[in-house]
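There are 2 protein chains.
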Amino acid sequence: MDKSNSIRFEAQAQIMKALSHPTRLFIVHELGRAERCVCELTEMVGADTSTVSKHLSIMKNAGIVDCEKRGTSIYYSLKMKCVLNFFTCVNEVLKKKVESQMVFA
Amino acid sequence: MDKSNSIRFEAQAQIMKALSHPTRLFIVHELGRAERCVCELTEMVGADTSTVSKHLSIMKNAGIVDCEKRGTSIYYSLKMKCVLNFFTCVNEVLKKKVESQMVFA
DNA sequence: TGGCTATTTGGTAATATAGCCAACAATATC
DNA sequence: GATATTGTTGGCTATATTACCAAATAGCCA
Chain Y
30 MDKSNSIRFE AQAQIMKALS HPTRLFIVHE LGRAERCVCE LTEMVGADTS TVSKHLSIMK
90 NAGIVDCEKR GTSIYYSLKM KCVLNFFTCV NEVLKKKVES QMVFA
Chain U
30 MDKSNSIRFE AQAQIMKALS HPTRLFIVHE LGRAERCVCE LTEMVGADTS TVSKHLSIMK
90 NAGIVDCEKR GTSIYYSLKM KCVLNFFTCV NEVLKKKVES QMVFA
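Protein chains in written order, with this note's numbering: chain Y, 30 to 134; chain U, 30 to 134.
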């Protein structure tokens with residue numbers, strides 16, 4: 030693994046990491062439907078505002094979401110649209126996992 | 030976020046987490062080209078065998094890779110082929126990030 | 001100005017992850 | 001059987017992540 034590749038894999042890993050938390054996946058899922066302000070997401074997630082804000086900031090830094098201030102609120106939107114396609118792929122893996130585990134049930 | 034969705038997001042997050050480490054991404058990339066035994070991967074990665082073995086075990090549990098014993102060695106292969114497409118998506122995000130950071134350079 | 005509302009940031013404790021070494025298991029070879 | 005080769009697992013330490021609370025910041029409106 031040479032240096033430039035190692036840098037690339039680290040950058041990719043950072044994006045994947047930003048997508049590796051249930052709450053963040055929920056938010057991505059929700060933003061795939063419509064943009065939302067922090068307070069709406071906070072309500073939906075059911076956690077502390079600061080917690081949700083931090084999740085959003087992680088995804089913003091990773092380039093997954095974008096935000097725009099309008100009035101009092103900050104509206105977040107999904108920038109990385111292609112991630113939605115990937116969920117199909119992830120769900121297939123999950124389906125296979127469930128099936129293979131059924132063998133032992 | 031109702032209960033069944035929360036379970037689904039957690040399951041998805043586990044798969045994403047298994048893909049959130051540079052070394053594991055390197056391995057996925059490599060297995061996308063050809064199957065490899067642990068010793069080959071260990072050599073390529075340049076870490077302890079136990080470290081590589083643990084990375085592989087994490088991905089195996091997640092359903093991302095598969096393994097088969099042949100002769101003395103255990104060959105790992107990529108089960109979740111669709112992940113390779115996703116890298117295109119991730120790389121686009123990276124490209125956008127680099128471009129947007131250039132504005133401030 | 002002063003008080004709201006919306007959001008971010010810092011601090012902290014609990015938990016999870018990563019990597020190395022050592023020990024173990026399985027198998028092949030002499 | 002003894003020994004070498006290939007992988008996995010347990011133990012340990014260092015580091016990272018998460019979630020909450022409290023405090024700071026920003027903009028709006030009376």
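Every residue gets a Cβ at the ideal spot worked out from N, C-alpha and C, and that includes glycine.
How close, in whole Å, do the beta carbons of residue 61 (chain U) and residue 123 (chain U) come, if the pair is a contact with beta carbons under 8 angstroms?
In the second sequence, residue 61 (chain U) corresponds to position 32, counting from 1. In the second sequence, residue 123 (chain U) corresponds to position 94, counting from 1. Wrong, their Cβ atoms sit about 18 angstroms apart, outside the cutoff.
Within the 9 angstroms Cβ cut-off, does residue 107 (chain Y) reach chain U?
Indexing the first sequence from 1 puts residue 107 (chain Y) at position 78. Judged by the 9 angstroms Cβ criterion, residue 107 (chain Y) is not in contact with chain U.
For residue 113 (chain U), tell me which candidate among Y:33, Y:36, Y:41 has the shortest Cα-Cα distance.
The residue labelled residue 113 (chain U) in the question sits at position 84 within the second sequence. Measuring from the Cα of residue 113 (chain U), the nearest candidate turns out to be Y:41.
Determine whether the beta carbon atoms of residue 48 (chain Y) and residue 91 (chain Y) lie at a separation below 9 angstroms.
One-based indexing of the first sequence puts residue 48 (chain Y) at position 19. One-based indexing of the first sequence puts residue 91 (chain Y) at position 62. Going by C-beta atoms, residue 48 (chain Y) is nearer than 9 angstroms to residue 91 (chain Y).
Restricting to Cα atoms, I'd like to know which of Y:35, Y:99, Y:84, Y:126 is closest to residue 50 (chain Y).
Counted from its first residue, the first sequence places residue 50 (chain Y) at position 21. Of the listed residues, the one whose Cα sits closest to residue 50 (chain Y) is Y:84.
Compute the distance between the beta-carbons of residue 103 (chain Y) and residue 81 (chain Y), then report whether it is under 9 angstroms.
Along the first sequence, one-based indexing puts residue 103 (chain Y) at 74. Along the first sequence, one-based indexing puts residue 81 (chain Y) at 52. No. Outside cutoff.
Can you name the start and end residues of the beta strand (DSSP E) that residue 98 (chain U) belongs to?
The residue you call residue 98 (chain U) lines up with position 69 of the second sequence. Unbroken beta strand (DSSP E) run through residue 98 (chain U): 94-99.
Can you name, in chain order, every residue of its own chain whose Cβ lies under 8 angstroms from the Cβ of residue 93 (chain U), other than the five neighbours on each side?
By 1-based counting over the second sequence, the position of residue 93 (chain U) is 64. Cβ within range, chain order: 44, 47, 48, 57, 107, 108, 109, 112.
Using a Cβ-Cβ cut-off of 9 angstroms, state whether residue 121 (chain U) counts as contacting chain Y.
Within the second sequence, residue 121 (chain U) is the residue found at index 92, counting from 1. For residue 121 (chain U), the answer is yes, since a Cβ of chain Y falls inside 9 angstroms of its Cβ.
Would residue 117 (chain U) be called buried (16 or more neighbouring beta carbons within 10 Å of its own) or exposed?
Locating residue 117 (chain U) in the second sequence gives position 88, where the first residue counts as 1. So residue 117 (chain U) counts as exposed.
Taking residue 112 (chain U) as the query, report the chain Y residues whose CB atoms sit under 7 angstroms from its CB, ordered along the chain.
Counted from its first residue, the second sequence places residue 112 (chain U) at position 83. Within 7 angstroms Cβ-Cβ: 118.
Expressed to the nearest angstrom, what Euclidean distance is found between the alpha-carbon atoms of residue 35 (chain U) and residue 63 (chain U)?
Locating residue 35 (chain U) in the second sequence gives position 6, counting from the first residue. Locating residue 63 (chain U) in the second sequence gives position 34, counting from the first residue. Each residue's alpha carbon lies about 36 angstroms from the other.
Select from U:128, U:127, U:115, U:105 the residue whose C-alpha is nearest the C-alpha of residue 88 (chain U).
In the second sequence, the residue the question calls residue 88 (chain U) occupies position 59. Nearest option by C-alpha distance: U:105.
Residues in the same chain with beta-carbon distance under 7 angstroms from residue 134 (chain Y), minus the five sequence neighbours each way, listed in chain order, please.
Stepping through the first sequence from its first residue, residue 134 (chain Y) is reached at position 105. The predicted position of residue 134 (chain Y) is uncertain, since its pLDDT is 47 and thus under 50; a value taken from the coordinates is nonetheless stated next. Nothing listed; no residue qualifies.
List, in chain order, every chain Y residue whose beta-carbon is nearer than 7 angstroms to that of residue 50 (chain U).
The residue labelled residue 50 (chain U) in the question sits at position 21 within the second sequence. Near residue 50 (chain U) (Cβ distances below 7 angstroms), the residues of chain Y are 42.
Check the Cβ of residue 46 (chain U) against every Cβ in chain Y and list those closer than 7 angstroms, keeping chain order.
By 1-based counting over the second sequence, the position of residue 46 (chain U) is 17. Those within 7 angstroms of residue 46 (chain U) in chain Y are 49.
Check the Cβ-Cβ distances between residue 92 (chain U) and every residue of chain Y, and say whether any is below 9 angstroms.
Position 63 of the second sequence, counted from the start, is the residue given in the question as residue 92 (chain U). Chain Y, which has a Cβ nearer than 9 angstroms to the Cβ of residue 92 (chain U), makes this yes.
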